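As you go down the protein sequences, you meet chains D and U in turn.
In terms of our numbering, the first sequence opens at residue 1 and continues consecutively.
In terms of our numbering, the second sequence opens at residue 249 and continues consecutively.
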Amino acid sequence: MLKVKGVKKSYKKGGLFSTERQEVLKDVSFECENGVCLGIIGESGSGKSTLGRLMLGIEKPDHGSILFNGKEVENREVRLGNISAVFQDYKSSINPFFTVEEAIMEPLIIKNKNKKENQSKIDQLLYRVGLNPSYRNKYPHELSGGEAQRVGIARAISAEPTCLLLDEAISSLDISVQTQVLNLLKELKNIYNMSFIFITHDIQAAAYICDRVIIFKDGKIEEIVEIEQLKNVQSDYAKQLLQSLITF
Amino acid sequence: MRIFKNLSKDKLATISVTVIVVTIIVGLFAPFFAPHDPNQVNMSLRYASSSWEYLLGNDHLGRCILSRIIYGIRPSVLWVLVALFISVLIGAVLGFLSGYFRGKVDAFIMRVCDIMLSFPGYVMTLAIVGILGVGLGNILIAFILVKWAWFARVIRTSVMQYSELEYVKFSKASGISDLKIIYKHLVPVTFSDIAVISSSSIGSMILQISGFSFLGLGIQAPNAEWGMMLNEAREVMFTRPELMLAPGLAIVIVVSAFNFLSDALQVALDPKLLNSKKRPQQKSPTTTVKIQKKEVAH
Ligand SMILES: Nc1ncnc2c1ncn2[C@@H]1O[C@H](COP(=O)(O)OP(=O)(O)OP(=O)(O)O)[C@@H](O)[C@H]1O
Ligand SMILES: [Mg+2]
Numbered sequence: 001m002l003k004v005k006g007v008k009k010s011y012k013k014g015g016l017f018s019t020e021r022q023e024v025l026k027d028v029s030f031e032c033e034n035g036v037c038l039g040i041i042g043e044s045g046s047g048k049s050t051l052g053r054l055m056l057g058i059e060k061p062d063h064g065s066i067l068f069n070g071k072e073v074e075n076r077e078v079r080l081g082n083i084s085a086v087f088q089d090y091k092s093s094i095n096p097f098f099t100v101e102e103a104i105m106e107p108l109i110i111k112n113k114n115k116k117e118n119q120s121k122i123d124q125l126l127y128r129v130g131l132n133p134s135y136r137n138k139y140p141h142e143l144s145g146g147e148a149q150r151v152g153i154a155r156a157i158s159a160e161p162t163c164l165l166l167d168e169a170i171s172s173l174d175i176s177v178q179t180q181v182l183n184l185l186k187e188l189k190n191i192y193n194m195s196f197i198f199i200t201h202d203i204q205a206a207a208y209i210c211d212r213v214i215i216f217k218d219g220k221i222e223e224i225v226e227i228e229q230l231k232n233v234q235s236d237y238a239k240q241l242l243q244s245l246i247t248f
Numbered sequence: 249m250r251i252f253k254n255l256s257k258d259k260l261a262t263i264s265v266t267v268i269v270v271t272i273i274v275g276l277f278a279p280f281f282a283p284h285d286p287n288q289v290n291m292s293l294r295y296a297s298s299s300w301e302y303l304l305g306n307d308h309l310g311r312c313i314l315s316r317i318i319y320g321i322r323p324s325v326l327w328v329l330v331a332l333f334i335s336v337l338i339g340a341v342l343g344f345l346s347g348y349f350r351g352k353v354d355a356f357i358m359r360v361c362d363i364m365l366s367f368p369g370y371v372m373t374l375a376i377v378g379i380l381g382v383g384l385g386n387i388l389i390a391f392i393l394v395k396w397a398w399f400a401r402v403i404r405t406s407v408m409q410y411s412e413l414e415y416v417k418f419s420k421a422s423g424i425s426d427l428k429i430i431y432k433h434l435v436p437v438t439f440s441d442i443a444v445i446s447s448s449s450i451g452s453m454i455l456q457i458s459g460f461s462f463l464g465l466g467i468q469a470p471n472a473e474w475g476m477m478l479n480e481a482r483e484v485m486f487t488r489p490e491l492m493l494a495p496g497l498a499i500v501i502v503v504s505a506f507n508f509l510s511d512a513l514q515v516a517l518d519p520k521l522l523n524s525k526k527r528p529q530q531k532s533p534t535t536t537v538k539i540q541k542k543e544v545a546h
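So this is what it looks like as structure tokens:
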């Protein structure tokens, strides 16, 4: 269970001597229970990825706290084997010196030192994300963007984390693979009781997989809605956002 | 192991490695390889040209040039390598600390570096030698003190750039320890940067050591050192230019060997470059066809 309480974050703006700061997150609070898929929707530059980085403990919030099962997510031990992520930029998602196999092995080896078991698991994982086992020995520069992204997803789910953050993870995939991955995520949610934080622009994908959606704007939560209630959003911004989708 | 395999495919790299390894071994066991005592003066053989007994001839005091070159490897190459290694090590540790952890650690280390770098290198070295006294050891200490800040700076920039990447973020998010991330993800990618900056400074360090020897601050007179041999030969540059040849070539060969090796290492380490090296051969027929088409069109 992930609990975000009163989180604020600002970045330095401008040159070396400027003291001006840009507030990226302004007092954000929400919760995500185990086994829930939480969507975060918002326009570009609204601070979604920043919020994601804070939830992963990569950066520290200026104010407030982020707790995972009651403990500070900043502590490495709290995250170890429990939290995982897939990021937006697939180009640098895999170490250029690693083969696909080595990349997926990295989080796997934390939980299970047995190499043989891990090997067969990698085959299974690759199959699940729609890749042939022959991809094992490829280097990242030999993969297409979508393939690299799928390896990233396989790597993220390999250690069966309890919480998985996907930051625009499926945007670079084509529709058929997108649905395949979405179905895989749904399946995993049921098997392992995983919870997802699903950051996206794509409301349809969010609606397909999420139980609850946070509508995010300018570093603030505009509205939190259950997916069944998506039609009856209250705030103007959320209405506008949905409107633009329908007219599409 | 993969690195060695890749390197052995590259001819230039193989030659460079051979040159470096031979130089180091010969330098380490100089008394064993040198045919004569490098400091033995024999005025009857003054400026003698090469003979079977003295393969590279004799210098202005009739000393065996080959033996002097061989003994000169120790200060000119071996000790320079030691000094370089230590300063790169210090630079790398501090560079990784400040590039990876950022924040206050970074600010502190970088301010210290700024202070070190604000003095001109030669002046710093002279000052340190002035305080510690004349001698090769002190010059090497001065080198380490002057150079580490520069290495720390360059390595920090490289580390910073790579620790922004998503695979490092993924490892951080999965709770893998910082030490492991640095060792597995950052050292391999920054290694080629480190190899390039170190190999490029080997040349300048060898030349600087020679410069200080010339000023009488480094190696003391009778002992052999390549830069000093060059200086001795300089006096008779127009009458006997061949005397410059041996030490000059020795410096050029060793410095180029290190530079070629660093280039080759970059290729051998990078899976991307390695494959792209094979591909153009397969693709080349199509490109020539394209060129021909263009020519026809004109
Ligand atoms: N490390 C940083 N330093 C300074 N400013 C930053 C940093 N990271 C993000 N920002 C700023 O924070 C704002 C939000 O960025 P963020 O990446 O969180 O947006 P986003 O909602 O993920 O957008 P997108 O949908 O395009 O990915 C941007 O205006 C950006 O300029
Ligand atoms: Mg983003």
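Heads up, the beta-carbon is just placed ideally off N, CA and C, and yes, glycines get one too.
All values reported here derive from a predicted model rather than from experimental measurement.
Using a beta-carbon distance below 8 Å, is residue i in contact with chain D?
i, result
"ALA421 of chain U", "yes"
"LYS525 of chain U", "With a pLDDT of 46 at LYS525 of chain U, under the threshold of 50, the modelled position of this residue cannot be trusted; read the value that follows with caution. Not one chain D Cβ lies under 8 Å of LYS525 of chain U."
"VAL437 of chain U", "yes"
"VAL544 of chain U", "With a pLDDT of 40 at VAL544 of chain U, under the threshold of 50, the modelled position of that residue is not reliable, and no figure is offered here."
What are the boundary residues of the alpha helix (DSSP H) that includes residue i?
i, result
"TYR370 of chain U", "369-380"
"GLY385 of chain U", "384-411"
"VAL177 of chain D", "175-192"
"ALA255 of chain D", "The structure shown has nothing for residue 255 of chain D, since chain D only spans 1 to 248."
"GLY145 of chain D", "145-158"
"GLY6 of chain D", "Note, GLY6 of chain D: premise wrong, no alpha helix (DSSP H); beta strand (DSSP E) at 2-12."
"GLU294 of chain D", "Not covered by the structure: residue 294 of chain D. The range shown for chain D is 1 to 248."
"GLU473 of chain U", "It is not in any alpha helix (DSSP H) - GLU473 of chain U carries neither H nor E in the DSSP assignment."
Which chain D residues are close to residue i, counting only those with a beta carbon under 8 Å from its beta carbon?
i, result
"LYS520 of chain U", "PRO96, TYR139 and HIS141"
"SER425 of chain U", "ARG76"
"HIS433 of chain U", "ASN95"
Indicate whether at least one CB of chain U lies closer than 8 Å to the CB of residue i.
i, result
"LEU25 of chain D", "no"
"ASP62 of chain D", "no"
"GLY81 of chain D", "yes"
"SER18 of chain D", "no"
"ASP89 of chain D", "yes"
"LEU67 of chain D", "no"
"SER84 of chain D", "yes"
"GLY57 of chain D", "yes"
"GLU101 of chain D", "no"
"GLU228 of chain D", "no"
Between the C-alpha atoms of residue i and residue j, what's the straight-line distance to the nearest angstrom?
i, j, result
"PRO133 of chain D", "GLY145 of chain D", "18 Å"
"GLN229 of chain D", "SER419 of chain U", "37 Å"
"ASN287 of chain U", "ARG322 of chain U", "15 Å"
"GLU480 of chain U", "THR271 of chain U", "23 Å"
"LYS71 of chain D", "VAL78 of chain D", "7 Å"
"LYS525 of chain U", "LEU255 of chain U", "Reliability of the predicted coordinates at LYS525 of chain U is poor, the pLDDT of 46 falling under 50, and no value is obtained from them."
"ASN386 of chain U", "ASP426 of chain U", "36 Å"
"MET1 of chain D", "GLU33 of chain D", "5 Å"
"LYS5 of chain D", "MET55 of chain D", "11 Å"
"GLU473 of chain U", "VAL100 of chain D", "51 Å"
"VAL28 of chain D", "ILE40 of chain D", "12 Å"
"GLU168 of chain D", "MET358 of chain U", "36 Å"
"PHE277 of chain U", "ARG316 of chain U", "13 Å"
"LEU326 of chain U", "ILE122 of chain D", "47 Å"
"ASP211 of chain D", "ILE224 of chain D", "11 Å"
"SER297 of chain U", "ILE499 of chain U", "21 Å"
Identify the contact partners of residue i in chain U, using a Cβ-Cβ distance below 8 Å as the criterion.
i, result
"SER93 of chain D", "GLU414, TYR415 and PHE418"
"LEU188 of chain D", "Residues of chain U passing the Cβ test: none, with the nearest at roughly 16 Å."
What residue range does the beta strand (DSSP E) around residue i cover?
i, result
"ASP167 of chain D", "163-167"
"VAL213 of chain D", "212-217"
"GLN22 of chain D", "21-32"
"CYS37 of chain D", "37-42"
Can you list the residues of chain U that residue i reaches, using a CB-CB cut of under 7 Å?
i, result
"PRO107 of chain D", "SER422"
Within 9 Å of chain D by C-beta, residues of the stretch 297-310 of chain U in sequence order: none
Please list, in chain order, the residues of the stretch 147-180 of chain D that have any C-beta partner in chain U closer than 9 Å. GLY152, ARG155, ALA156, ALA159, PRO161 and LEU165
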